[in-house]
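So the structure is just underneath, and the comments pick up after that.
Residue numbers (this note's numbering), protein chains in the order written: chain Z, 1 to 465; chain V, 466 to 930.
What follows is the structure in C-alpha cells.
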C-alpha cells in the first residue's frame with residue numbers, strides 16, 4: 001500500500017498518462033480486474049490503471065513516467081499465463097500490448113520474421129501459412145509472442161523445435177529506465193557479447209517490456225502425420241516416449257494423457273474411437289519417406305511396450321481436431337468436477353527418471369483423494385498436473401499444496417526443475433528458491449542493476465530482499 | 466600499470482597464492498608469456514602469475530584472494546581463442562584450468578554429461594564414443610569445454626546441432642565475489658527464472674570463471690556420409706548451401722572453401738583428386754535411408770548450380786582425413802605466405818545475403834592486394850577470412866584493417882553480426898560497439914553489478930566506461 005508521498009507520486013503519474021493516452025487509459029474496475037490475473041486460479045490483484053500502447057515509443061513514454069514516479073509497470077499480452085505473472089501485487093500500470101499486433105517483416109528466404117509483441121501465435125501462423133512457413137512454439141493458449149518470450153513458453157512442439165529460448169533471435173525492449181534497447185539480431189548465431197536476449201526471455205517482465213521480437217520460423221514439412229496410440233499401462237506409454245527420444249527419432253510431438261485425462265477429453269471433445277487408457281499423441285514431420293521411417297520405428301517401440309495399433313490422422317482436418325482436443329485438456333479436466341478450480345502445475349525431469357516420477361506422482365494423487373489428471377510433453381521429460389479443487393475448502397487446498405510440493409521435491413531430487421514451462425510468477429517463489437539457492441543472489445544483483453527502484457513487475461520470480 | 470598502493474596489494478595477493486599453491490603457482494617469464502595470448506596475432510600481454518587449479522574450490526580460493534586485493538583474474542583453458550581473450554591487459558592472475566579435466570558423469574539415457582571446464586572436446590568425445598554418443602560442437606581447435614562456453618563457440622556442426630548456447634544445460638561458476646554458484650540444471654527445458662547459464666556462455670570470463678558444465682550430448686547417427694563437391698563459381702557453391710538450408714535438409718555440416726583455400730589445403734594436407742575450385746564439404750547424419758535422401762536432394766541442388774559430382778567419403782578414416790584437412794585450413798593458409806601472420810576474423814549474416822556479401826568481400830580482397838582465403842560455415846551464414854600479413858609493415862596492416870572493417874560494415878548493413886563465433890576479446894571492441902550501441906549500456910550495468918571492481922578479465926567485450 002503506497003504511503004502518502006508515494007501515493008501522491010503515483011496519482012501524478014496516472015494523471016500524466018491519462019492526459020497523454022486519453023481513451024486508451026482506463027481506471028474502470030472491470031478493466032482493472034481483468035488485467036490483474038492470468039488464466040490460473042490465483043485471485044486477481046488489479047493494477048491502478050490500464051494503458052493500451054500501440055508502439056514501442058508509447059511503451060517507452062509510459063515506463064519513463066512510471067520510472068520517474070516509482071510506479072510499478074506490468075506488461076499484459078493475452079492474459080493466459082498460469083503462475084500469477086499478471087497479478088499486480090503493488091498495483092501500478094498494466095501496459096496492454098494487444099494492439100501492437102503488426103507482423104513487421106517476413107523473410108522467407110532467411111526463415112526469420114519481425115513482429116510486435118502483441119501478435120499472437122495463431123495470427124503469426126496464419127500470416128506465414130501461404131509462404132509455406134510456420135512458427136512451432138505452441139503452449140496451447142493463443143498467447144502473444146511477447147508474453148511467450150517473457151515466460152519462456154514451450155509446449156507440444158518443443159521436443160523437436162525447442163522453446164522460446166531457442167527461437168527468439170533478438171528483441172526490442174523498453175528498459176526500466178524508459179530507454180529503448182535492441183538485443184540480438186538477424187544472424188543465426190553470434191559471439192558478439194552478452195546474451196541479453198536470453199536474459200529477457202523468461203524474465204516475466206521484471207527486467208523490461210519486450211515490444212518487438214525477431215523470431216526464427218520453419219518451413220512447413222512436406223509431410224505431417226499424427227497418430228494416437230493407447231497403452232495397457234502408463235509405464236508402457238512413458239517408456240515408449242523415452243525410448244523414442246533416446247533412439248534419436250526426430251519426433252515433432254509426443255504427448256502423454258493418462259486414463260483420467262483421456263476419459264475427460266473423450267467426453268469434452270466428443271472424440272470417437274478412443275479408449276480411456278494411457279495414451280500417446282504423436283506427430284511426425286519430414287519428407288514422406290522420413291515420416292514413414294520415423295513412424296515405423298516408433299510403432300515398433302510402442303508395440304514392445306504394450307501399445308495398441310496407431311490410429312492415424314494424416315488429413316489436416318483430422319489432425320487439427322486431435323490437437324484441438326489436446327489443447328482443450330484444461331477445460332476437459334475442469335468438466336470432470338463442475339464448479340471446481342484447477343491448479344495447473346508442471347515439472348520437467350531428466351527423461352530416464354520420468355516413468356518413476358510420474359508413477360510416484362500418480363500414487364500420491366490416489367492417496368490424496370483429489371482429482372488430478374496428468375498430461376505431459378513427455379519427449380522433454382515435462383509433465384503437468386491439474387489439481388481440481390474447491391478453493392473454499394482449506395483441507396482440500398492443504399492436500400493439493402502437499403501433493404504439489406511432493407511433486408516438485410521429487411523433480412528436484414532427480415535433477416529436474418520446478419517449472420518446465422509455466423514460469424515462476426508468484427505461484428512458485430518458494431519452489432524456485434529451493435531449486436536455485438546459489439543462483440538467486442545473482443538474479444537479485446542483476447535485477448537491482450537494471451531496475452534499481454524495482455518498478456518492473458514487482459514480486460515475481462524471487463521474493464524481494 | 467598498478468600505482469603504489471595497488472602494487473603492494475597485488476604483491477600481497479600473489480604471495481598468498483604462492484604460499485597456497487606452491488609448485489602450482491609460477492611467475493616464470495616463459496609461463497607468463499604463454500598464458501598471455503591465444504592462437505591469434507594479438508601480441509602477448511602476460512599475467513603477473515599463473516596458478517594451476519585442480520578443483521572448483523581452488524578457483525574460488527584464487528578469486529577470493531584476488532577480489533580482496535583487486536587483482537585481475539583471467540581464466541585459461543587450451544589457449545586457442547582468436548580475439549585476444551587471453552591478453553592480460555592489466556596483468557593479474559591467469560587461472561589455468563587444464564588440469565580440471567575429469568568427465569564427472571555420463572548419463573547415456575538422458576543424453577547429458579557433466580564435465581570439468583578443462584576437459585577438451587576430443588577428450589570428451591573419446592570418453593563418449595563407446596557409449597554411442599558424441600558432443601557435436603567443433604570449432605576446429607581442440608579447445609577446452611570451459612573455453613568453448615566462455616566464447617560461445619560453434620563451428621562446423623552448428624548448422625544442425627547449434628552452438629554452445631544451445632548445448633550447455635547448466636554451469637558451475639566461481640563468481641567475481643569468490644562464491645560458487647550453480648545455474649541451470651539437468652532438465653531439457655526450464656522456465657525457472659533468469660537464464661544466467663546463457664549469460665555466462667559467451668561472457669569471455671568477464672562475469673565469472675566457469676569451472677564445471679552440464680552438456681547435452683547426442684547419439685552417434687546410424688549412418689554418416691561426407692561428400693566433397695567442386696563448383697564452377699563461388700556463387701554456385703554459396704547458392705547451393707543457401708538452398709540446402711532453405712529446403713530444410715537437416716545437413717550436419719556444409720563448409721565452403723574458396724579456390725585459394727582449396728589450393729592451400731591440397732598442398733598442405735596432400736589431398737588427392739580435388740581441384741583448386743570453390744568447394745563445399747558436406748556431412749549427412751541419420752538413418753541410411755535418411756542420409757541417402759538428404760544426399761540426393763543436395764546433389765540435385767548442387768548440379769543445378771554448376772557443381773560437379775560428389776566425391777564420397779563414407780568410411781570413418783576417409784572422413785577423418787577430409788575433416789582434418791578442413792580443420793587445418795589455418796595452417797594451410799599460413800603456408801601460402803611463409804613468415805606471414807594470419808589475422809583470422811569472421812562475420813555471420815542472414816543467409817539470403819551470403820552470396821552477395823562473400824562476393825563483395827572477395828572483390829575487396831582483390832583490390833587490397835592481400836592474400837586472404839575465405840572459409841565458411843555457410844549453412845549458418847557464417848564465413849571467415851584469413852588475412853596473411855606482415856605485422857611489421859604498417860601499410861599492409863592498414864589495408865588489412867580497412868578490408869576487415871569493410872567486411873564487418875557490410876555484415877552489419879544486412880543485419881548480421883561482427884563475429885559469428887570468435888567472440889569479441891580485445892580484437893573487436895570497436896566493431897561490437899557499432900553493432901550493439903543500445904545494448905552495451907546494459908551489458909556494462911550487468912558487469913558492474915556482478916563485478917564492481919572489474920577484476921574479471923578486464924578490457925574484454927566492451928571498453929571500460
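For every residue, glycine included, the Cβ atom is placed at its ideal position computed from N, Cα and C.
Within chain V, partners of residue i - CB distance below 7 Å
i	result
residue 436(Z)	657, 658
residue 203(Z)	659
residue 163(Z)	654
residue 151(Z)	656
residue 166(Z)	631
residue 450(Z)	907, 910
Minimum Cβ-Cβ distance from residue i to chain Z less than 9 Å
i	result
residue 494(V)	no
residue 851(V)	no
residue 923(V)	no
residue 552(V)	no
residue 677(V)	no
residue 887(V)	yes
residue 910(V)	yes
residue 808(V)	no
residue 754(V)	yes
residue 926(V)	yes
residue 904(V)	yes
residue 646(V)	yes
residue 680(V)	no
residue 799(V)	no
Cα-Cα separation, residue i to residue j
i	j	result
residue 509(V)	residue 812(V)	24 Å
residue 824(V)	residue 814(V)	13 Å
residue 789(V)	residue 734(V)	8 Å
residue 527(Z)	residue 49(Z)	Here chain Z has residues from 1 to 465 only, and residue 527(Z) is not among them.
residue 266(Z)	residue 259(Z)	10 Å
residue 888(V)	residue 195(Z)	12 Å
residue 405(Z)	residue 898(V)	47 Å
residue 1(Z)	residue 240(Z)	The predicted model places residue 1(Z) with a pLDDT of 49, which falls under 50 and marks its position as unreliable, so this point remains unresolved.
residue 166(Z)	residue 69(Z)	36 Å
residue 596(V)	residue 298(Z)	22 Å
residue 858(V)	residue 555(V)	27 Å
residue 15(Z)	residue 55(Z)	20 Å
residue 287(Z)	residue 389(Z)	45 Å
residue 319(Z)	residue 225(Z)	8 Å
residue 218(Z)	residue 122(Z)	15 Å
residue 910(V)	residue 454(Z)	15 Å
residue 452(V)	residue 613(V)	Nothing can be reported for residue 452(V), as the shown portion of chain V is limited to 466 through 930.
Proximity test, Cβ basis, 9 Å: residue i and chain V
i	result
residue 109(Z)	yes
residue 466(Z)	In the structure as shown, chain Z begins at 1 and stops at 465. Residue 466(Z) is therefore absent and cannot be evaluated.
residue 219(Z)	yes
residue 328(Z)	no
residue 356(Z)	no
residue 207(Z)	yes
residue 39(Z)	no
residue 293(Z)	yes
residue 432(Z)	yes
Contacts of residue i in chain Z (Cβ-Cβ under 9 Å)
i	result
residue 619(V)	189, 191
residue 847(V)	187, 188, 189
residue 522(V)	Result: empty, since nearest Cβ-Cβ is about 14 Å, beyond 9 Å.
Beta-bridge partners of residue i, as assigned by DSSP
i	result
residue 384(Z)	346(Z), 375(Z)
residue 690(V)	749(V)
residue 368(Z)	The partner list for residue 368(Z) (beta bridge, DSSP) is empty, contrary to what the question assumes.
residue 540(V)	560(V)
residue 718(V)	748(V)
Amino acids of chain Z, ordered along the chain, whose beta-carbon sits closer than 7 Å to that of residue i
i	result
residue 640(V)	442
Under 9 Å by beta carbon: chain V residues contacting residue i
i	result
residue 267(Z)	Chain V residues near residue 267(Z): none, gap ~31 Å exceeds 9 Å.
Members of the segment 223-255 of chain Z near chain V, C-beta cut-off 7 Å: 246, 248
Residues, ordered as in the chain, of the segment 873-885 of chain V that lie near chain Z by beta-carbon distance below 7 Å: 880, 881, 882, 883, 884, 885
Proximal residues, the segment 571-605 of chain V versus chain Z, C-beta separation under 8 Å: With the criterion set as a beta carbon lying under 8 Å from some beta carbon of chain Z, the members of the segment 571-605 of chain V are 572, 574, 575, 576, 577, in sequence order.
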